[in-house]
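Right, one structure below, let's go through it.
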Amino acid sequence: MFKMIYNIARTELQMLFYSPVAWLILVVFGVQSGMLFANQLTGLVSSQEMGYSVEGATITIFASRWGGVFTLMQNYLYFYIPLLTMSLVSKELSSGSIRLLYSSPITNTQIIVGKFFSMMIYGLIMIGILFLITLCSWAVVKDFELSMVLTGLLGLYLLICAYAAIGIFMSSLTSYQIVAAIGTFAVLMVLSMIGGWWQEYDFIRDVTYWLSMPGRSGKFIAGLICSEDVLYFVIVVCLFLSLTIIRLNSVRQKIRFVITLGRNIGVIFLACFLGYLSALPQMKLYHDATSTKINTLTPNSQDIVAKLDGGMTITTYINALDPGSSWFAAPYFLKPDMERFEQYLRFKPDMKLKYVYYYDTTANPMLDRRFPNATLREKMVEVCKIYGLDSNKFMAPEEIRKIIDLSGEGNTFVRQIVRDNGEKAWLRIYNDMQRFPSEREISAAFKRMVMELPKVGFVEGQGERSYSGGKDRDYSAFANDKGFRYALENQGFDVTKVVMDQQVPEDINIIVISDMREWFTPEQEANLQQYIDRGGNLFILGEPKRRDVMNKLFAKFGYEMTTGVLVKRDTNLQADVILSYPTAEADSIAYDFGIMRHRHMVITTPSTAGLEQIADKGYTVTNMFTTDTLGVWNELETTDFIDDTIRLNPAIGEVEKIYNTVVALSKKVGNKEQKIILTGDADCISNGEFGRRVPGVRTANFSLITGAFFWMSDNEVPIDVRRPALPDDKVYVEKTGSKVIKWSFMIVLPLLLAGIGIFLWIRRKGR
Numbered sequence: 003m004f005k006m007i008y009n010i011a012r013t014e015l016q017m018l019f020y021s022p023v024a025w026l027i028l029v030v031f032g033v034q035s036g037m038l039f040a041n042q043l044t045g046l047v048s049s050q051e052m053g054y055s056v057e058g059a060t061i062t063i064f065a066s067r068w069g070g071v072f073t074l075m076q077n078y079l080y081f082y083i084p085l086l087t088m089s090l091v092s093k094e095l096s097s098g099s100i101r102l103l104y105s106s107p108i109t110n111t112q113i114i115v116g117k118f119f120s121m122m123i124y125g126l127i128m129i130g131i132l133f134l135i136t137l138c139s140w141a142v143v144k145d146f147e148l149s150m151v152l153t154g155l156l157g158l159y160l161l162i163c164a165y166a167a168i169g170i171f172m173s174s175l176t177s178y179q180i181v182a183a184i185g186t187f188a189v190l191m192v193l194s195m196i197g198g199w200w201q202e203y204d205f206i207r208d209v210t211y212w213l214s215m216p217g218r219s220g221k222f223i224a225g226l227i228c229s230e231d232v233l234y235f236v237i238v239v240c241l242f243l244s245l246t247i248i249r250l251n252s253v254r255q256k257i258r259f260v261i262t263l264g265r266n267i268g269v270i271f272l273a274c275f276l277g278y279l280s281a282l283p284q285m286k287l288y289h290d291a292t293s294t295k296i297n298t299l300t301p302n303s304q305d306i307v308a309k310l311d312g313g314m315t316i317t318t319y320i321n322a323l324d325p326g327s328s329w330f331a332a333p334y335f336l337k338p339d340m341e342r343f344e345q346y347l348r349f350k351p352d353m354k355l356k357y358v359y360y361y362d363t364t365a366n367p368m369l370d371r372r373f374p375n376a377t378l379r380e381k382m383v384e385v386c387k388i389y390g391l392d393s394n395k396f397m398a399p400e401e402i403r404k405i406i407d408l409s410g411e412g413n414t415f416v417r418q419i420v421r422d423n424g425e426k427a428w429l430r431i432y433n434d435m436q437r438f439p440s441e442r443e444i445s446a447a448f449k450r451m452v453m454e455l456p457k458v459g460f461v462e463g464q465g466e467r468s469y470s471g472g473k474d475r476d477y478s479a480f481a482n483d484k485g486f487r488y489a490l491e492n493q494g495f496d497v498t499k500v501v502m503d504q505q506v507p508e509d510i511n512i513i514v515i516s517d518m519r520e521w522f523t524p525e526q527e528a529n530l531q532q533y534i535d536r537g538g539n540l541f542i543l544g545e546p547k548r549r550d551v552m553n554k555l556f557a558k559f560g561y562e563m564t565t566g567v568l569v570k571r572d573t574n575l576q577a578d579v580i581l582s583y584p585t586a587e588a589d590s591i592a593y594d595f596g597i598m599r600h601r602h603m604v605i606t607t608p609s610t611a612g613l614e615q616i617a618d619k620g621y622t623v624t625n626m627f628t629t630d631t632l633g634v635w636n637e638l639e640t641t642d643f644i645d646d647t648i649r650l651n652p653a654i655g656e657v658e659k660i661y662n663t664v665v666a667l668s669k670k671v672g673n674k675e676q677k678i679i680l681t682g683d684a685d686c687i688s689n690g691e692f693g694r695r696v697p698g699v700r701t702a703n704f705s706l707i708t709g710a711f712f713w714m715s716d717n718e719v720p721i722d723v724r725r726p727a728l729p730d731d732k733v734y735v736e737k738t739g740s741k742v743i744k745w746s747f748m749i750v751l752p753l754l755l756a757g758i759g760i761f762l763w764i765r766r767k768g769r
């Protein structure tokens, strides 16, 4: 049997390579892949010579979304394979040679498998061209991710095999080669579109989405091998080869149409059933071939998921009247939405995803203007008409309110995580370009349910900034704005109000005191001192115009705010808007500050004072943020920074120097380390300041929140989801070398392939 299959495969390859089509396809394939490779490599070389970072060179060359060699070639394979397979069986039917095969002691299975093996070998030659590109990249890229690229080659090869099996089947249906090619294109088109069909039906959605072919090799290209994708290609190949064998058997043995139809349906249903099983989270196996495991949850997230024993359900609530976000998980987007949690399902396959559709009152002024006199239901029906949805699937307000109260979330798109033991947490979408929660926010929500996370108290009663108010000077974005990704509440903290008329509750780990207008009463001060003495952490934000009050508090830690307001002559900013730069020492506080320094980012500190140490209170001092090295002084005369011109006047005590604007203090208190952060400005994390844009400068005031509270929470939250830096950050060629490589792959290699093809063709003609 195997010898017969080998003979058929060899014969097919001989016929294939004696024709110009096979060589032409290899030449075009080589030129196209060489062009893509040359473009990516040239771009890296140019970036490197301009001084830019080329971190992740392997991904850029092969897996970049917009220009990666493998990313684009998986789309172009669509055009090559039908031209190769269109004649595999149809030529036998049209020439009548199929009768000679039938008269010999050979089965249809041997015929089809032999022809398929010939295409597998041809596919290996195509992959060999890409492997030459891989070897070249391995030679010129530092710490090249070879295992990742080999995984991508495997994905492309499996894709070629799947296309070949489909092409063989279509070739068996007709004696016309062009019809076979067009039919193959049609089937591939159907397989590219079927993922969006009948998505409103649960079981059918799983089947049609599994049958969809686009992106199946995408995970391989990214360096991830998933058993579902491997089995997909195996099942598709077996399915279409089986259909081809059934087709030839029906012709050869004159089998009745009903029996043939039944066999086809049986094979198709078996393939769909096996595909459904392979797509179940419990059945999936994974291997991340990247050196930094970029396709896998970070170790911290894995540890959190490992503690989530028992069942868990993530329920997504979609309000039809929610502006802009209500269709993120509409029925035709459900499968892509579920994939947002695939990395978590890998480690917790019993996690369930549920979707609930409803309509209820929410802020949507555009809809109100469009349908001013319509009821809620009428508005929902109109929206469903626009998007082609079934309005009967949406629960009425009174129905959804019996299940859950979403008014606290504004009846917007939201997810609720519920464990079998009753613990709950929220996952939201955010008002930024990314919109959906990242690993950091998802893991923080999970961590809430496996341990008690820090609680932050905002001191009120002395004119401090409000943690719930929406004014520019308030702190609601920083504290509990549900739409702000970096809000404490979205990063795993609980926030609450604290008044100093009583002792600070024991469950509060951090208190925030900001911009006090008046000093504490003796009783209040005693309660604050009791909190300090027990080793409680503090985040204290001063303001120059409250210096007299705030310096009393700073003095408890050996600091005071300098006189005046810090200013700097800057053509882009008002004189009292100071840019504060992270120090090298700040790296020891939190990794966020190291990232800021690496990316040359700053925080804006408008109307700030400097911080100076006046006494040693036993704290270890870390100067976190400082002003620029030149041109900054404490302005004592000018108060109108819009119309007046600032001038340095040393005679009255104005001093030009580097000022500290954010300082960290720490010391051992009992069995814990007390951590305190002082700032000379209270506006730097206010609602209004997060919206400031500075021309030519990258601001990251939110990093002061994430970094400071990461340190004060003893590195518990926000979740540390850092990954090792990608090692392939250099290419060993310059422009001349890249040109040599470019012409080698775009001209020399294709000419070599064309030469071999012409030589074989002339040799055959000579015979």
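Using the working numbering, you'd call the opening residue of the sequence shown number 3 and step up by one each time.
Glycine included, every Cβ here is placed at the ideal spot set by N, Cα and C.
Taking all protein chains shown into account, do 16 or more other C-beta atoms lie within 10 angstroms of the C-beta of residue i, making it buried, or fewer, making it exposed?
i    : result
I760 : exposed
G58  : buried
G709 : buried
Y389 : exposed
M626 : buried
A365 : exposed
V501 : exposed
A260 : Residue identity check: residue 260 is Val in the sequence provided, not Ala. The residue is exposed, with fewer than 16 neighbouring Cβ atoms inside 10 Å.
K659 : exposed
G185 : buried
K221 : buried
L263 : exposed
Q676 : buried
S55  : exposed
G116 : buried
K144 : exposed
K449 : buried
Y234 : buried
M121 : buried
N77  : exposed
For residue i, which residues of its own chain have a beta-carbon under 6 angstroms away from its beta-carbon, when the five flanking residues on both sides are left out?
i    : result
P439 : L429
R249 : S174
N433 : G485
P720 : R442, Q493, T708, F712
D496 : K457
Thinking C-beta only, is residue j closer than 9 angstroms to residue i?
i    : j    : result
G544 : A702 : no
V775 : V665 : Outside the displayed span of the chain (3 to 769) sits residue 775, for which this structure offers no information.
S470 : N689 : no
I114 : V91  : yes
Y561 : L680 : yes
M285 : S229 : yes
A322 : Y357 : no
F712 : I512 : no
H289 : L226 : yes
D550 : V567 : no
D630 : L581 : yes
By Cβ distance below 8 angstroms, which residues in the same chain neighbour residue i in space, the five residues on each side in sequence not counted?
i   : result
P22 : G759, W763
Check the C-beta distance from residue i over to residue j and give it rounded, since I have them as a contact under 8 angstroms.
i    : j    : result
R487 : M518 : About 29 angstroms separates the two Cβ atoms, so there is no contact after all.
L158 : I129 : 7 angstroms
L490 : V458 : 6 angstroms
L455 : T565 : That belief does not hold up - the Cβ atoms of L455 and T565 are roughly 40 angstroms apart, past 8 angstroms.
G537 : V671 : 3 angstroms
K669 : Y621 : 5 angstroms
Leaving out five residues before and five after residue i in sequence, what residues of the same chain have Cβ atoms less than 7 angstroms from its Cβ?
i    : result
Q526 : M502, D503
I27  : Y82, L85, L86
Q436 : none
L347 : P283, M353
Segment contact, 8 angstroms Cβ cut-off, at least three pairs: the segment 28-48 with the segment 743-752: Yes: the two stretches touch, three or more of their Cβ pairs being nearer than 8 angstroms.
Segment contact, 8 angstroms Cβ cut-off, at least three pairs: the segment 160-167 with the segment 33-53: Verdict: no, contact absent.
contact_flag[the segment 365-377, the segment 300-310] where n(CB pairs < 8 angstroms) is 3 or more: Look at the beta carbons and you see the segment 365-377 not touching the segment 300-310: under three pairs across the two are nearer than 8 angstroms.
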